[in-house]
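*Asks:*
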Amino acid sequence: MKFRNLVVAAAGALFCALTSFAQITAIEGMVIAPEGGPAVKALVKITRTDIKGSYKCNTDKKGHYFYNGLPLGTYNIAVEIDGKEVDGVNGVRTRLGDPMPVNFDLQKIAQQKAAKAAQATAAAQSGTAPQLSKEQERGMTKEQKEAYDKAIKERETSMKKNKELNDAFTAGLAALQAKDYDTAITDLAKASELDPKQVAVWAQLAEAYVGSAQKKTGPDFDATMAKGVEAYGKALELNPADAATHNNFALALAKAKKFPEMQAELQKAAELDPPKAGQYYYNLGALLVNAGQSEPAGAAFKKAIELDPNHAESYYQYGVYLVGKASFDKDGKVIPVAGTVDAFQKYLQLSPTGQFADSAKGMLTSMDAKVDTSYKNPNAPAVKKKK
């Protein structure tokens with residue numbers, strides 16, 4: 013009876029073992045070539061400084077680059093042309109909402125055109141309109157002055173809209189963090205109407221709908237959850253290559269009991285982000301366990317181990333899966349199937365003080381197996397013996 017209780021306790025621990033990922037941000041900008049005009053196919057290197065991470069993209073024929081799907085953080089950004097780094101800026105902090113603009117002007121000749129371009133860029137970054145001198149104003153034709161005034165008015169309108177968007181998004185995010193889902197839905201829905209092309213807005217709105225649905229039952233649950241699924245669809249339509257959004261969408265689909273769709277989203281996340289594929293398959297296994305689908309869950313944990321041999325939790329959960337296949341001799345002694353003991357021992361080697369350590373030790377004791385925690389880091393330097 014004690015052995016069976018351990019199995020039940022181990023499986024129950026899964027409800028708090030899932031991983032969700034942070035929301036995404038973006039960086040964009042223009043790159044002007046040294047000879048003037050757009051820098052076509054310039055390499056933009058984006059390096060995260062607060063934790064390890066590097067990304068790359070190229071400018072288009074207009075000299076514009078755009079990189080979405082960046083975790084919120086601090087970055088160094090550099091431009092490379094013909095294999096040579098020609099300019100860079102450090103300490104750029106990304107933000108939720110509008111992409112963070114970071115532009116590069118590589119033209120060194122002090123010409124009037126370059127000066128005006130730099131002035132326009134500075135004005136765009138600061139959000140203020142450029143001030144015309146009397147001489148500049150006198151040099152404009154009537155049509156040019158009218159076009160300038162029109163552009164100023166349009167920018168002021170755009171800035172006002174952006175402020176409303178940021179205010180609505182910030183308020184919605186605060187309400188979501190406070191689990192005030194109805195208020196969050198109202199504010200984030202407003203933000204989505206102000207700018208329907210903001211991935212972060214749709215992703216947070218989806219989370220608000222999913223959170224609200226958890227407090228409902230029956231048709232109300234189904235209707236609210238459907239809105240969350242729709243919002244996730246909008247986010248992925250705008251950025252289908254973001255693995256974290258696929259992962260979070262899968263967690264929502266599991267709550268809606270849409271298991272085939274959930275599995276497809278996590279497999280897609282693993283394809284898009286191979287370094288984290290083991291974690292995504294672990295999430296898949298955990299969700300399948302919670303859905304009572306033991307065999308597919310076991311296959312998912314085994315796949316997670318293949319993709320990431322150092323993912324401790326996958327070994328533990330795979331061991332729990334194998335425990336369910338154990339038999340008993342006539343004296344009631346546990347006869348585990350091959351691989352069960354190895355799975356629990358490997359978990360303890362990788363995570364001797366982890367959240368499942370006591371449970372893993374209990375499993376091994378119940379099978380009369382040795383508790384071995386003598387794991388050694390294969391990358392650790394060798395210790396020289398004294399002569």
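The opening position of the sequence shown corresponds to residue 13 in this note's numbering, with each subsequent residue numbered one higher. No residue lacks a Cβ here, since even glycine has one placed at the ideal position from N, Cα and C.
Anyone know if the C-beta pair for Gln119 and Gly184 falls short of 8 Å?
*Replies:* Cβ atoms of Gln119 and Gly184: not closer than 8 Å.
*Asks:* In terms of residue numbering, what span does the alpha helix (DSSP H) encompassing Ala276 cover?
*Replies:* Here the alpha helix (DSSP H) through Ala276 covers Phe271 to Leu284.
*Asks:* Taking the alpha carbon of Gln216 as the reference point, which residue from Ala238, Lys228, Pro231 and Thr182 has its own alpha carbon closest?
*Replies:* The shortest Cα separation from Gln216 among Ala238, Lys228, Pro231 and Thr182 belongs to Thr182.
*Asks:* Hey, how far is the Cα of Lys345 from the Cα of Leu265?
*Replies:* For Lys345 and Leu265, the distance between alpha carbons rounds to 41 Å.
*Asks:* Spatial neighbours of Asp199 within its chain, please: CB distance less than 7 Å, with the 5 preceding and 5 following residues excluded, ordered by chain position.
*Replies:* Result list for Asp199: Ala180, Ala183, Gly184 and Ala187, in chain order.
*Asks:* With C-beta atoms as the reference, is Asp207 less than 8 Å away from Leu250?
*Replies:* Their beta carbons are not under 8 Å apart, which means Asp207 does not touch Leu250 by this criterion.
*Asks:* Check whether the segment 271-282 and the segment 105-118 touch, using three or more Cβ-Cβ pairs below 8 Å as the test.
*Replies:* Contact between the segment 271-282 and the segment 105-118 is absent, because fewer than three Cβ pairs lie under 8 Å.
*Asks:* Label Ala350 either buried or exposed according to how many other C-beta atoms from any shown protein chain fall within 10 Å of its C-beta, with 16 as the threshold for buried.
*Replies:* Under this definition Ala350 is an exposed residue.
*Asks:* Around the Cβ of Pro412, are there at least 16 other Cβ atoms within 10 angstroms (buried) or fewer (exposed)?
*Replies:* There is simply no residue 412 to check, as the chain begins at 13 and stops at 399 in what is shown.
*Asks:* How would you call Glu277, buried or exposed, if buried means at least 16 neighbouring beta carbons within 10 angstroms?
*Replies:* Under this definition Glu277 is a buried residue.
*Asks:* How would you label Ser363, buried or exposed, when you count the other beta carbons within 10 angstroms and need 16 or more for buried?
*Replies:* Label assigned to Ser363: buried.
*Asks:* Just reading off the alpha helix (DSSP H) that Phe78 is part of, what are its end residues?
*Replies:* Element bounds for Phe78: not the alpha helix (DSSP H) but the beta strand (DSSP E), His76 to Pro83.
*Asks:* Between which two residues does the alpha helix (DSSP H) harbouring Glu205 extend?
*Replies:* From DSSP, the alpha helix (DSSP H) with Glu205 extends over Tyr193 to Leu206.
*Asks:* If we define contact as Cβ-Cβ less than 8 Å, is Thr37 a contact residue for chain C?
*Replies:* Within the model displayed, chain C is absent; a lone protein chain is all it includes.
*Asks:* Excluding the 5 residues preceding and the 5 following Lys73 in the sequence, name in chain order all residues of the same chain whose CB lies nearer than 6 Å to its CB.
*Replies:* Cβ within range, chain order: Val52.
*Asks:* With distance defined between alpha-carbon atoms, name the residue in Lys288, Asn174, Thr59 and Ser224 nearest to Tyr79.
*Replies:* Of the candidates Lys288, Asn174, Thr59 and Ser224, the one whose C-alpha sits nearest the C-alpha of Tyr79 is Thr59.
*Asks:* Quick one: residues in its chain with C-beta nearer than 8 Å to the C-beta of Lys125, no 5 flanking neighbours on either side, listed in chain order?
*Replies:* Any reading at Lys125 must be qualified, since the residue scores a pLDDT of 35, below 50, and its modelled position is unreliable; no value is offered.
*Asks:* Please report the straight-line C-alpha distance between Asp380 and Lys68, rounded to a whole angstrom.
*Replies:* Those two C-alpha atoms are separated by around 53 Å.
*Asks:* Mark Phe340 as exposed unless 16 or more other C-beta atoms lie within 10 angstroms of its C-beta, in which case mark it buried.
*Replies:* Looking at its Cβ environment, which holds fewer than 16 other Cβ atoms inside 10 Å, Phe340 is exposed.
*Asks:* Measure the Cβ-Cβ separation of Ala220 and Ala190 and say whether it is below 8 Å.
*Replies:* No, the pair does not count as a contact, with Cβ atoms beyond the cut-off.
*Asks:* Tell me which residue opens and which closes the beta strand (DSSP E) that Gly336 is part of.
*Replies:* Per DSSP, Gly336 belongs to no beta strand (DSSP E) and is neither H nor E.
*Asks:* Measure the alpha-carbon distance for Ala212 versus Leu248 and round it to whole angstroms.
*Replies:* If you take the alpha carbons of Ala212 and Leu248, they lie about 10 Å apart.
*Asks:* Please classify Ile121: is it buried, with 16 or more other beta-carbons within 10 angstroms of its beta-carbon, or exposed?
*Replies:* With a pLDDT of 30 at Ile121, under the threshold of 50, the predicted position of this residue should be treated as unreliable, and no value is reported.
*Asks:* Who does Asp117 pair with in a DSSP beta bridge?
*Replies:* Ile44.
*Asks:* Could you tell me which of Thr61, Leu299, Lys57 and Ile63 sits nearest to Asn70, measuring between CA atoms?
*Replies:* Nearest of Thr61, Leu299, Lys57 and Ile63 to Asn70, Cα basis: Lys57.
*Asks:* Starting from Lys239, trace the alpha helix (DSSP H) in both directions and tell me its first and last residue.
*Replies:* It spans Gly230 to Leu250 - the alpha helix (DSSP H) in which Lys239 sits, taken as one unbroken run.
*Asks:* For Val104 versus Tyr87, is the C-beta distance shorter than 8 Å?
*Replies:* Taking 8 Å as the Cβ cut-off, Val104 and Tyr87 qualify as a contacting pair.
*Asks:* Would the beta-carbon of Ala54 fall within 8 Å of that of Ile89?
*Replies:* Their beta carbons are not under 8 Å apart, which means Ala54 does not touch Ile89 by this criterion.
*Asks:* Since Val222 and Gly245 should fall inside the 8 Å C-beta cutoff, what is the C-beta to C-beta distance between them, to a whole number of angstroms?
*Replies:* Contact flag wrong, Cβ pair sits at about 13 Å.
*Asks:* Please specify which runs of the alpha helix (DSSP H), each continuous and at least 4 residues long, are wholly inside the segment 288-349, giving them in chain order.
*Replies:* The segment 288-349 contains these whole alpha helix (DSSP H) runs: 289-302, 306-319 and 324-335.
*Asks:* Can you give me the Cβ contacts of Lys209 inside the same chain, cut-off strictly under 7 Å, excluding the 5 residues immediately before and after it?
*Replies:* Once the five neighbours on either side are set aside, the close Cβ partners of Lys209 are Leu250.
*Asks:* Taking Phe271 as the reference, which of Tyr292, Ala303 and Ile44 has the closest Cα?
*Replies:* The option with the nearest alpha carbon to Phe271 is Ala303.
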